[in-house]
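In the working numbering, the protein residues as written are 4 to 309. Positions of the beta carbon are idealized from the N, C-alpha and C atoms, including for glycine. First up is the structure itself, then whatever we jot down about it.
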Amino acid sequence: MSWTATAPRIVVVGHGLLGEPLGNALRIMGATVVTVAHRSADNGVDLAADLTTGPGRRALAALLAEQQPTCVVLVHGPGDVTWIEGNEKVARDAHVGTARAVSSHQVLLVSTDNVFDGTAPPPADTDPVSPGNAYGRVKLAAERAVLAGPAPATIVRLSMAYGWSAPGRRATYGHRCIQAARAGQSIVAPIDQHFTPLHVDDAIRALVRLAFGFPGDRIFHFAGPVELSRHEFARLAYAAAGADPELVVPVPLMQTEWACRPRRSRLRNSDPAVLAPWLDWRPMEPLEGLKRMVHAAPARPPAVPS
Numbered sequence: 004m005s006w007t008a009t010a011p012r013i014v015v016v017g018h019g020l021l022g023e024p025l026g027n028a029l030r031i032m033g034a035t036v037v038t039v040a041h042r043s044a045d046n047g048v049d050l051a052a053d054l055t056t057g058p059g060r061r062a063l064a065a066l067l068a069e070q071q072p073t074c075v076v077l078v079h080g081p082g083d084v085t086w087i088e089g090n091e092k093v094a095r096d097a098h099v100g101t102a103r104a105v106s107s108h109q110v111l112l113v114s115t116d117n118v119f120d121g122t123a124p125p126p127a128d129t130d131p132v133s134p135g136n137a138y139g140r141v142k143l144a145a146e147r148a149v150l151a152g153p154a155p156a157t158i159v160r161l162s163m164a165y166g167w168s169a170p171g172r173r174a175t176y177g178h179r180c181i182q183a184a185r186a187g188q189s190i191v192a193p194i195d196q197h198f199t200p201l202h203v204d205d206a207i208r209a210l211v212r213l214a215f216g217f218p219g220d221r222i223f224h225f226a227g228p229v230e231l232s233r234h235e236f237a238r239l240a241y242a243a244a245g246a247d248p249e250l251v252v253p254v255p256l257m258q259t260e261w262a263c264r265p266r267r268s269r270l271r272n273s274d275p276a277v278l279a280p281w282l283d284w285r286p287m288e289p290l291e292g293l294k295r296m297v298h299a300a301p302a303r304p305p306a307v308p309s
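See the structure below:
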């Protein structure tokens, strides 16, 4: 793939943990980027639209008709897994309605490991899906909506991404761990919920390559290189921040806010030979990613939303 080819026009729907840095990275690589998000206060957002409503989705469709993008990247919310458990219909309307609104264009949809219930070995991108929670059902419905559309669609399932969240945004797990560690505070962490943590920089690298060299109707899995419990990950975060890992309190999953997650939220990475035309996939180890966070930490980390 050549980076000197005609610059693509890409619409990025979402301006959170992935959407904002993705838009910035695409611009650096020469793409013309138009951004869509829920809140008009977000810097750099070209269209503010409430995608949980019909008018918001119609505004998005009108924008696409005007822009005629080469690719639409869907990284929008709502994405709070716990909130969605009690608000599945609203979340489904936002994700499925938006997927349908953009499905006449080439779509790169960012999905989740929650489309699997976590009871089997780490799933490959060819394995049958089996969502075990509302979030997984919502994202699977969105996957099917874009795949059923008239234009090609690429599904990118990510394992849990971590990195610094912007002020006022829902904090990632890595953000919460590093922030608590720097403050010398204890944190509770499930010992029986596992995932394959993926640094946001690795996720962005994969999405940029795929948005530029759109691969057509495909499903890809991107995950970190190792499986850890939340407790093990939190201890690594405390160590990376120079804090005492013993401040991480082990607890059962069912006693925490993450109770609706699969006990094993992880993925098996797509075959490197299949990925080779687009990127050389070598995600960083969790400790490396957490040390990168510590090095890049703001002087006053954003407050964790309640």
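Could you tell me which of Gln109, Arg295 and Pro275 sits nearest to Ala154, measuring between CA atoms? Against the sequence shown, residue 154 aligns to sequence position 151. Of the listed residues, the one whose Cα sits closest to Ala154 is Gln109.
Could you tell me if Ile13 is buried or exposed, where buried requires 16 or more neighbouring beta carbons within 10 angstroms of its beta carbon? Position 10 of the sequence shown holds residue 13. Result: buried.
Three-state class that DSSP yields for Pro248 in the structure shown: Here residue 248 corresponds to residue number 245 of the sequence shown, with the count starting at 1. Residue state, collapsed to three classes: helix.
Could you compute how far the alpha carbon of Arg60 sits from the alpha carbon of Pro248? The residue you call residue 60 lines up with position 57 of the sequence shown. The residue you call residue 248 lines up with position 245 of the sequence shown. Here the alpha carbons of Pro248 and Arg60 stand approximately 46 Å from one another.
Can you give me the Cβ contacts of Lys142 inside the same chain, cut-off strictly under 7 Å, excluding the 5 residues immediately before and after it? Here the question's residue 142 lines up with position 139 in the sequence shown. Excluding positions up to five away in sequence, the list reads His98, Ser114, Thr115, Asn117 and Val118.
Closest to Arg295 by C-alpha separation, out of Asp274, Ala186, Tyr165 and Leu270, would be which residue? Against the sequence shown, residue 295 aligns to sequence position 292. Measuring from the Cα of Arg295, the nearest candidate turns out to be Tyr165.
Separation of Val75 from Asp283, as counted between CA atoms: For the purposes of this step, residue 283 is taken as the residue at position 280 of the sequence shown. For the purposes of this step, residue 75 is taken as the residue at position 72 of the sequence shown. When rounded, the distance between both Cα atoms is 23 Å.
When you compare only the Cα positions, how much space is there between Ala65 and Arg173? As a first step, residue 65 must be located in the sequence shown, where it is residue number 62. As a first step, residue 173 must be located in the sequence shown, where it is residue number 170. Distance between the alpha carbons of Ala65 and Arg173 is about 29 Å.
Hey, could you find the ends of the alpha helix (DSSP H) Val229 is sitting in? Stepping through the sequence shown from its first residue, residue 229 is reached at position 226. Run containing Val229: none; DSSP gives neither H nor E here.
Residue from Ala209, Ile194 and Gly17 whose Cα sits closest to the Cα of Trp281: In the sequence shown, the residue the question calls residue 281 occupies position 278. Checking every option, the nearest Cα to that of Trp281 belongs to Ala209.
Just tell me which of Glu230, Ala169 and Asp130 has its CA closest to the CA of Ala299. For this step, residue 299 is matched to residue 296 along the sequence shown. The option with the nearest alpha carbon to Ala299 is Ala169.
Distance check for Ala40 and Pro11, CA to CA, integer angstroms please. Locating residue 11 in the sequence shown gives position 8, where the first residue counts as 1. Locating residue 40 in the sequence shown gives position 37, where the first residue counts as 1. C-alpha separation (whole angstroms): 20 Å.
Measure the alpha-carbon distance for Asp96 versus Ala127 and round it to whole angstroms. Along the sequence shown, read from residue 1 onward, the residue named residue 96 stands at position 93. Along the sequence shown, read from residue 1 onward, the residue named residue 127 stands at position 124. If I take the Cα positions, the gap works out to 28 Å.
Does the Cβ of Pro72 have 16 or more other Cβ atoms within 10 Å, making it buried, or fewer, making it exposed? In the sequence shown, counting from the first residue as 1, residue 72 sits at position 69. Pro72 should be labelled buried.
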